[in-house]
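See below for the structure under consideration.
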């Protein structure tokens, strides 16, 4: 019975992507976490807390430190490479034929990996171009074609996109007949993109949220929202856990980040409770379409 419960618990903590790869529904985000000592410290805390998915990107400038840290930390925690899920992303400056391949191989080298579990196009546009430039489409198609080839070669287990809207994704599918495995997007109760989530679900694309807890900027009101805080107080949990549980309870992945060991542990502890239907609706109703991060709506 205990084994069956453990198996069910593990199943609720993961999702099977359309490529057949199993991905933890909660990952550890590393945006703005830099420096060898800090990266080592937070990854040590994350692995100890139970995280088995690590999200990075070439533009985060921390891939090398993550790779070096994991080389030491995996044995320390009794883990092997196949026990963890590593995501990285193609930077906007590296869109296009050959540049994409070169950047991906550099990420593999930085992370000291033979393969990546997931590789995403970070942004639908290309750095240095105006949002309305028609070359954005051509270059991301070239990148996507390169990524399909890299997946066929076994260097990428799954491929997907980040910050893409429905028309960007439809264009990819129509042109290449290859459906992304994941869409990573800003998503929280102040920016409920239900139509996009439903679209992804209809296509078998896993929707993964970033900035679930907001940002470190002054305009972030998610963690202090009165509705969120009231629920947290009533349940005796943190506001962060309410926000993360709201996402995961919809089948939406999340990649919270923190450099505080206590917060790292707390953010992972979201499987011991669930929100009522009314609580979920109350959080949905906080939506005011507030973008805390990038808005790709102007990118052709």
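Residue numbers (the working numbering): 273 to 572. C-beta: ideal position from N, C-alpha, C; glycine also.
Is the beta carbon of residue 433 less than 8 Å from the beta carbon of residue 480? When the beta-carbon positions are compared, residue 433 and residue 480 stay at least 8 Å from each other.
Out of curiosity, what's the CA-to-CA distance linking residue 550 and residue 294? Going by the C-alpha atoms only, they are around 31 Å apart.
May I ask which residues mark the beginning and end of the alpha helix (DSSP H) holding residue 462? Per DSSP, residue 462 belongs to no alpha helix (DSSP H) and is neither H nor E.
Just to confirm, is the Cβ distance from residue 482 to residue 441 under 8 Å? With a cutoff of 8 Å on beta-carbon distance, residue 482 and residue 441 are scored as not near each other.
Determine the DSSP secondary structure at residue 387, reduced to helix, strand or coil. Look at residue 387 here: in three-state DSSP terms it is coil, with no helix or strand label.
Do the CB positions of residue 288 and residue 327 come within less than 8 Å of each other? Not closer than 8 Å, so no.
Compare the Cα-Cα distances from residue 409 to each of 422, 467, 439 and report the closest residue. Residue 409 has its Cα closest to that of 439, out of 422, 467, 439.
On the premise that residue 486 lies in contact with residue 564, defined as a C-beta separation below 8 Å, what is that separation, rounded to the nearest angstrom? Contact check for residue 564 and residue 486: beta-carbon distance about 6 Å, within the 8 Å limit, so the pair qualifies.
Please say whether residue 463 and residue 428 have beta carbons closer to each other than 8 Å? Taking 8 Å as the Cβ cut-off, residue 428 and residue 463 do not qualify as a contacting pair.
Considering only residues of the same chain and omitting the five flanking positions on each side of residue 341, which have a CB-CB separation below 6 Å? These residues qualify, in order along the chain: 311, 312, 315.
Buried or exposed, going by whether 16 or more other CB atoms sit within 10 Å of the CB of residue 415? Within 10 angstroms of the beta-carbon of residue 415 lie 16 or more other beta-carbons, which makes it buried.
Pick helix, strand or coil for residue 495, following the three-state DSSP scheme. Correct three-state label for residue 495: coil.
Given this structure, state the Cα-to-Cα distance separating residue 412 from residue 396, to the nearest angstrom. The straight-line gap from Cα to Cα measures roughly 7 Å.
Contact check, residue 555 vs residue 499 under 8 Å by CB: the rounded distance? Indeed they touch by this definition, with Cβ atoms about 7 Å apart.
So is residue 447 buried or exposed if we call it buried at 16+ other beta carbons inside 10 Å? Exposed, since its Cβ has fewer than 16 Cβ neighbours within 10 Å.
I need the boundaries of the alpha helix (DSSP H) containing residue 341, first residue and last residue. From DSSP, the alpha helix (DSSP H) with residue 341 extends over 335-348.
Might you give, ordered along the chain, the residues of its own chain that have their beta carbon closer than 8 Å to the beta carbon of residue 469, omitting 5 neighbours on each side? Shown here for residue 469: same chain residues with a beta carbon closer than 8 Å to its own, the five before and five after excluded, namely 459, 479, 522, 524 in chain order.
Looking only at its own chain, which residues have a Cβ that is under 7 Å from the Cβ of residue 531, when we skip the five neighbours before and after it? Within the same chain, Cβ atoms closer than 7 Å to the Cβ of residue 531 are found at 305, 310, 314, the five residues on either side in sequence being excluded.
Since residue 437 and residue 562 should fall inside the 8 Å C-beta cutoff, what is the C-beta to C-beta distance between them, to a whole number of angstroms? Cβ atoms of residue 437 and residue 562 stay farther apart than 8 Å, at about 17 Å.
Please look up how many angstroms separate the CB atoms of residue 519 and residue 546, rounded, as I've assumed it's under 8 Å. Between residue 546 and residue 519 the Cβ distance is about 13 Å, and since that is not below 8 Å, they are no contact.
Out of 398, 449, 471, 516, which one is the CA nearest neighbour of residue 371? Checked all of 398, 449, 471, 516; the closest Cα to residue 371 is 398.
Could you please give the first and the last residue of the uninterrupted alpha helix (DSSP H) stretch that includes residue 414? Where residue 414 is concerned, the enclosing alpha helix (DSSP H) stretches over 407-424.
Can you tell me which of the three DSSP states residue 552 falls into? Reduced to three states, the DSSP call for residue 552 is helix.
Short of 6 Å in beta carbon distance, which residues of its chain neighbour residue 559, apart from the five on each side in sequence? Order them along the chain. So the qualifying residues of the chain are 464.
Can the beta-carbon of residue 358 be found closer than 8 Å to that of residue 385? Yes, the pair counts as a contact, with Cβ atoms nearer than the cut-off.
Where does residue 477 fall in DSSP's three states? The answer is coil: DSSP assigns residue 477 none of H, G, I, E or B.
Contact defined as beta carbons within less than 8 Å: I believe residue 430 pairs with residue 291. What is the distance between those atoms, to the nearest angstrom? So it is a contact: roughly 4 Å between Cβ atoms.
Inter-residue Cα distance where the pair is residue 286 and residue 368: Their Cα atoms are separated by approximately 32 Å.
I need the straight-line Cα distance from residue 453 to residue 445, nearest angstrom please. Each residue's Cα considered, the two are about 11 Å apart.
Answer with buried or exposed for residue 466, where buried requires no fewer than 16 other C-beta atoms within 10 angstroms of its C-beta. With a threshold of 16 other beta carbon atoms within 10 Å, residue 466 falls short and is exposed.
Cβ separation of residue 298 and residue 323, assumed to be a contact under 8 Å, to the nearest whole Å: Contact between residue 298 and residue 323 holds, with the beta-carbon distance rounding to 7 Å and staying under 8 Å.
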